[in-house]
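K.L.:
Protein chains in written order, with the working numbering: chain S, 1357 to 1574; chain C, 2 to 221; chain F, 1143 to 1390. In this text, a Cβ means the ideal position worked out from N, Cα and C, and glycines have one as well.
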Amino acid sequence: MPQTELHRDRNPLLEAVDLSCSRGHRTLFENLALQVSGGEVVQILGANGSGKTTLLRVLCGLQPPAAGSLRWRGRDMSPGAPEVYAEVQFIGHAGGVKLDLTPRENLDVAIALGGRPTGTTVATALARLGIGKFGRRPVRTLSAGQRQRVALARLLTCASLLWVLDEPFTALDADGVSIVDAMLYEHIRAGGAAIITSHHPVALGRVTPRPVSIDAGA
Amino acid sequence: MNAFIAIVRRDLLLAMRHRAEAANPLLFFVIVVALVPLGLNPRRETLELIAPGVFWIGALLATLLSLERMFRSDFDDGSLELMLISPQPLPLIVLAKILAHWLVTGLPLVLAAPPIALLLGLPTSSLAVLLTTLVLGTPTLSAVGAIGVALTVGLRRGGMLLSLLVLPLYIPVLIFAASAVSAADGLPVTGQLYLLGALAVLSFTLAPLAAAAALRISVS
Amino acid sequence: MWAFLHRFASPPHFYRRAGAIAPWLGWICLGLMAAGLYGGLVVAPPDYQQGESYRIIFVHVPSAWMSMFVYVVMAGASAIALIWRIKLAEVIAIESAPVGASFTFLALVTGSLWGKPMWGTYWVWDARLTSELILLFLYFGVMGLYAAIEDRRTAGRAAGLFAIVGVVNIPIIHYSVEWWHTLHQGPTVTKLSAPSIHVSMLVPLLLMAVSFKLFYVTVLLHRARCGVLERGRNAGWVRSLLARTEPE
């Protein structure tokens, strides 16, 4: 199995210190410490309702933590700081794909929002994810797995250092999983990092995620 | 700026693909205005007296009805999260959404105004003023409304609350616009029009900031 | 949670202090109110124009003042809460809303009761009454938004933001209503604005105003104590407080 720590950076990209999150009056997790460095894939493990999604949203700056702080490249990350967002791609439960637009239109908007045409072209990205021939059809007519692939194509068109993926393998078939596996591998080879969640174990051939559990008492 | 244009384009495209849905506020407006003579009496003097108020209250309600669309579907499908973590300034994106909303709901009201004004027996001499108030006033409705929708977007049943939040803030527009149209038949109305213009400038400057802050709160 | 709460105004500290101060303020408020009511209802002479009915101003005017004062306090506290993320400010803003809404409601009811002998009807679209009615809607908006959002923290911040939006709009709304009113009514109610007020009426009025303000502070302290407890239910000091089961 290929080692994933080829280009591992000494300094962590993203660092969470004493992070606590709550939903309503319930504390999800407390005093969580997490470091994500270039060249690694971190997999967040936890039971349903343990706060995996909340943690990812906090790490992206979508939600303030109840306590604790986040550091991006060693500097305190203030929520809403554009320079951080320029280097993070987030794909959540809802993929952020407009059903009434075609995959191409969706990606064009994503590129404009990213403000920089840094990645591959839209056509290349769609072809890579195996949905090249659906580029001009409304996403509404595609299957759940294909929709997920449209969302994942954003990772290629808007190149970012840190990928934050919430359940990226949901609805994907074996072929889709192996495409994402290869994408993750190339990403970390190039010095990038990824944080993923997945509540069922997936067989990834090329990358070996580092597991981090947030279950209470762990 | 690229992002601004892309968002406006995207929202217009989405409205185009849902033409029937996008036309609903206009139809609602026409029906409300048409009901008033039926509920009161269709005598010319009565209608002339109440036409400006009816017209503007109709416009207010039609806008209110269409506000949810500004952020709701983006919230549901996760597009809003992408906007929030985009490196582009969020107020700029919100401004684009407000502009697109106005193009889809405000502009049709302006265009539909002349025939509806005839329906209400508004004197033709008031028509120019009516159109000016609509051009100056409806953008404010979209901008101020954006704050209300941004605050309630996370709620399943935010509709009633939205009207409670937004309608009081619409009062100045209603007062100045309706009174300008009433006074148009002979009295000077530049004062009201200037004030409407000032409200539009003020709301387009401040509302995107407030709505952006509200979105960050609502989505968290 | 603990560190966040501690950052500025520490809730346990506030909880203890407020509990100690509130009863004193309450008694002073009661004393001033008794004095003000005695001065207003018994000592002050009847008005030469309005007879006895003017005496409602001793309730109406202070509550109208308070309705605006509380809104400004609420918006100010909300701004502090949003900018510096001070939880206590958020509690103060949210707990002010129902008190302010009550003052506004009182001002509206007493205003329309006063309107009956003055105008011959309970409600006229007087500029001040109309503004007061809209202010009540804004209060309801803040309270409605806070009640509707499930997560208490999100709810507090959203309601606070709306309070700030409202405070920017209040002057605009107020002046538009005033302008609208002069356009439609003409100067018919000028007899209300008496040129000068006799000192025998002014003193009780001011006493009432101060006692209303103290009433607000007292109620706010009590409400904020509850709010602080509710929000801090997971915090250590609340747990230990409850564990001691001391009657507070």
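#1: Roughly how many whole angstroms lie between the Cα atoms of S:Arg1492 and S:Asp1456?
#2: What are the start and end residues of the beta strand (DSSP E) that includes S:Leu1426?
#3: Can the beta-carbon of F:Ala1239 be found closer than 8 Å to that of F:Met1210?
#4: Between the beta-carbon of F:Leu1362 and the beta-carbon of F:Glu1237, is there less than 8 Å?
#5: Give me the subset of the region 1205–1236 of chain F whose CB atoms are less than 9 Å from a CB atom of chain S, sorted by chain position.
#6: Could you compute how far the alpha carbon of C:Leu119 sits from the alpha carbon of F:Ala1290?
#7: Could you please give me the residues that DSSP links to S:Pro1567 through a beta bridge?
#8: What does the Cβ neighbour count give for F:Gly1378, buried or exposed, with the cut at 16 atoms within 10 Å?
#9: Can you check DSSP and say which residues form a bridge with S:Phe1385?
#10: Excluding sequence positions up to five away, which residues of its chain have a Cβ less than 7 Å from the Cβ of C:Ala151?
#11: Kindly give me the distance between the Cβ atoms of S:Val1414 and S:Pro1565, rounded to whole angstroms, as I take these residues to be in contact under 8 Å.
#12: At 4 residues or longer, what runs of the alpha helix (DSSP H) sit wholly inside the region 1249–1337 of chain F?
#13: Keeping to the same chain, check which residues put their C-beta closer than 6 Å to that of C:Ile99; ignore five residues upstream and five downstream.
#14: Please report the distance separating the alpha-carbon of C:Val55 from that of C:Leu121.
#15: So is F:Phe1304 in contact with chain C if we call contact Cβ pairs under 8 Å?
#16: Which word fits F:Ile1225, buried or exposed, when buried means at least 16 other C-beta atoms lie within 10 angstroms of its C-beta?
#17: Please report the straight-line C-alpha distance between S:Glu1307 and C:Met84, rounded to a whole angstrom.
#18: With 16 as the cutoff for other CB atoms within 10 Å, does F:Leu1344 come out buried or exposed?
#19: Identify whether C:Thr191 lies in helix, strand or coil by the three-state DSSP scheme.
#20: By Cβ distance, which residues of its chain are closer than 6 Å to F:Thr1332, with the 5 residues on each side in sequence left out?
#21: Span of the beta strand (DSSP E) holding S:Gln1445?
#22: Use the C-beta contact count for S:Gly1488: other C-beta atoms within 10 angstroms, 16 or more gives buried, fewer gives exposed.
#23: Compare the C-alpha of S:Ser1499 against each of S:Val1478, S:Gly1532 and S:Thr1474 and name the closest.
#24: In the DSSP assignment, find the alpha helix (DSSP H) that holds F:Leu1383 and state where it starts and stops.
#25: Do you know offhand how far F:Trp1321's Cα is from C:Arg158's?
#26: Which ranges would you report for the alpha helix (DSSP H) in the region 1170–1239 of chain F if only whole runs of at least 4 residues count?
#27: So does F:Arg1367 have its beta carbon nearer than 7 Å to some heavy atom of the ligand NAP?
#28: Is the Cβ of S:Phe1446 closer than 8 Å to any Cβ of chain C?
#29: Should the region 192–203 of chain C be regarded as contacting the region 86–104 of chain C, the criterion being three or more beta carbon pairs within less than 8 Å?
#30: Looking only at DSSP bridge pairs, what is S:Ala1549 linked to?
#31: Which parts of the region 100–186 of chain C are runs of the alpha helix (DSSP H), unbroken and 4 residues or longer, counting only runs that do not cross its ends?
#32: Give me the chain S residues within the contact set of C:Gly155, using Cβ-Cβ distance strictly less than 7 Å, ordered along the chain.
#33: Is F:Arg1299 close to chain C? Criterion is C-beta to C-beta, closer than 8 Å.
#34: CB-CB under 7 Å to F:Ala1206, same chain, minus the five flanking residues each way: which ones, in chain order?
#35: Between S:Asn1404 and S:His1555, what straight-line distance do the alpha-carbon atoms span, to the nearest angstrom?
#36: Count the CB pairs spanning the region 129–139 of chain C and the region 1265–1280 of chain F that are closer than 8 Å, and state whether there are at least three.
P.N.:
Here's the rundown:
#1: 11 Å
#2: Ala1423 to Trp1428
#3: no
#4: yes
#5: Arg1227
#6: 42 Å
#7: S:Gln1399
#8: exposed
#9: S:Cys1377
#10: Phe72, Ala212, Ala215, Leu216 and Ser219
#11: With 8 Å as the limit, S:Val1414 and S:Pro1565 do not qualify as a contact, their Cβ atoms being about 19 Å apart.
#12: 1269–1290 and 1294–1327
#13: Ser143, Ala144 and Ala147
#14: 9 Å
#15: yes
#16: exposed
#17: This structure leaves residue 1307 of chain S out entirely; chain S is present only between 1357 and 1574.
#18: exposed
#19: helix
#20: Because the pLDDT at F:Thr1332 is just 44, under 50, the model does not fix this residue reliably, and the point stays unresolved.
#21: Val1444 to Ile1447
#22: exposed
#23: S:Gly1532
#24: Gly1378 to Arg1386
#25: 36 Å
#26: 1199–1226
#27: The ligand NAP is not part of the structure shown, which contains no ligands of any sort.
#28: yes
#29: no
#30: S:Leu1518
#31: 108–120, 128–153 and 160–184
#32: The contacting residues do not exist; C:Gly155 stays about 12 Å from chain S at best.
#33: yes
#34: Ala1249 and Glu1274
#35: 8 Å
#36: no
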